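Data first, discussion second: the structure below is written as structure tokens.
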């Protein structure tokens with residue numbers, strides 16, 4: 054079946070291109086990573102909303118509890134309530150605090166979700182290219198997995214029909230998808246998600262969704278959320294687990310604020326398993342404020358814009374719009390600046406990650422050599438091949454092309470400087486715009 058990877062039961066991480074790039078090529082003599090901005094880091098490096106930066110500046114005795122208090126393994130209750138409020142507003146769900154676990158970013162959320170699944174069913178189907186941590190989490194939790202990619206050169210995420218056919222043929226115990234948090238930015242429409250979820254759930258399986266780049270709508274700015282109304286019922290019923298995070302959505306990765314949405318028994322079991330644990334509390338109140346404010350803005354975006362919202366809400370909406378506008382500006386700048394070096398892209402509105410195909414010297418035989426070429430100008434990137442566990446999925450793609458994840462969530466000055474260095478490296482390597 055074209056686009057279907059081989060079963061993966063183990064990965065020799067030390068031999069992978071990703072580990073070599075991350076631990077050898079992109080490491081300075083002092084042990085730090087080279088460069089302030091990585092071309093394809095996947096991390097939101099924009100200035101965070103003022104709601105967070107103002108909270109940091111105003112930090113005082115009343116906030117010390119965020120540094121010296123133990124909340125328990127489920128996290129701050131105010132934040133858990135805010136998560137439920139936000140998700141119900143944006144998605145039309147009916148979840149509550151008892152469906153929410155605050156996590157150390159999305160990474161821990163994925164681990165908890167996979168660990169909670171029945172031990173008797175450990176065969177996963179993974180849809181489209183994924184960051185390596187997804188593969189690592191699956192293997193660490195005892196899963197074998199197969200990857201399913203699209204059949205066309207520029208359609209990396211498989212169509213719904215392909216997914217349904219593969220579920221019927223392979224009978225996976227769990228389908229894992231990150232929508233829109235995959236390097237392509239692609240997502241499934243709500244009816245497509247319903248069809249995929251129903252196909253695996255009706256066979257007794259589970260759906261795990263990582264949606265950390267989903268967001269609320271703003272007046273004049275819709276946002277792909279990577280969910281469906283039906284998913285809310287599946288979460289409550291224990292058939293679907295959803296991972297999300299403010300870390301990348303709000304440019305606060307260092308605060309590690311994420312959450313898992315799951316059935317009440319999964320949440321209760323995690324509370325017992327992790328006795329003595331406590332997710333981050335720093336700026337928990339600000340994170341809760343962001344979620345409830347974003348929920349109000351989302352409701353306003355579908356009604357009368359900012360009418361009826363107070364100055365606090367409007368200011369937060371302005372900050373979110375600034376971040377989104379910067380992402381779109383950066384993408385257009387990169388495409389224009391690289392000119393004929395640019396071959397194709399998977400950019401979708403509202404997503405700050407996409408895959409870009411860049412023409413390079415055909416004499417560069419593989420992605421390792423292509424990355425070394427860019428690094429002559431201190432440009433670090435992660436090629437599409439680092440998002441595949443089965444190398445055959447990327448074998449035979451167009452020669453003379455470097456396909457990489459482009460991350461546009463950076464302040465425009467540093468982004469433009471990195472794009473300029475990228476162009477110099479490309480021009481010097483033998484392919485000229």
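In the numbering used here, the protein residues as written are 54 to 486. Even glycine gets a Cβ: it sits at the ideal position worked out from N, Cα and C. Computed from a predicted model, the values in this text were never measured in an experiment.
Check                                                                                                                                                             : Outcome
Determine the DSSP secondary structure at residue 196, reduced to helix, strand or coil.                                                                          : coil
Kindly indicate which three-state DSSP category residue 176 falls into: helix, strand or coil?                                                                    : strand
For residue 83, count the other beta carbons within 10 Å of its own beta carbon; 16 or more makes it buried, fewer makes it exposed. Which is it?                 : exposed
Would you decide whether residue 85 is buried or exposed? Buried here means 16 or more other CB atoms lie within 10 Å of its CB.                                  : exposed
Suppose the cutoff is 6 Å on Cβ atoms and the five residues either side in sequence are ignored; what does the same chain contact list for residue 134 look like? : 150
Could you spell out the range, first to last residue, of the beta strand (DSSP E) harbouring residue 460?                                                         : 454-460
Hey, out of 271, 377, 195, 189, whose CA is closest to residue 350's CA?                                                                                          : 271
Can you say whether residue 54 is buried or exposed, counting buried as having 16 or more other CB atoms within 10 angstroms of its CB?                           : Per-residue confidence for residue 54 stands at a pLDDT of 48, beneath the threshold of 50, marking its modelled position as unreliable; the derived number appears in the next sentence. Exposed, because fewer than 16 other Cβ atoms sit within 10 Å of the Cβ of residue 54.
Buried or exposed: residue 287, going by 16 or more other Cβ atoms within 10 Å of its Cβ?                                                                         : buried
Which residues does DSSP list as the beta-bridge partners of residue 259?                                                                                         : 227
Does residue 471 pass the burial test, meaning 16 or more other C-beta atoms within 10 Å, or should it be called exposed?                                         : buried
Whole angstroms is fine: what's the gap from residue 304's alpha carbon to residue 252's?                                                                         : 35 Å
Taking DSSP as the reference, what is the three-state secondary structure of residue 128?                                                                         : coil
Beta-carbon separation of residue 455 and residue 423 under 7 Å?                                                                                                  : yes
I'd like to know whether the C-beta atoms of residue 159 and residue 298 end up nearer to each other than 7 Å.                                                    : yes
Is the distance from the Cβ of residue 177 to the Cβ of residue 216 below 7 Å?                                                                                    : no
Confirm, please, whether the CB-CB distance from residue 104 to residue 414 is below 7 Å.                                                                         : no
Could you tell me the alpha carbon to alpha carbon distance between residue 308 and residue 366, rounded to whole angstroms?                                      : 22 Å
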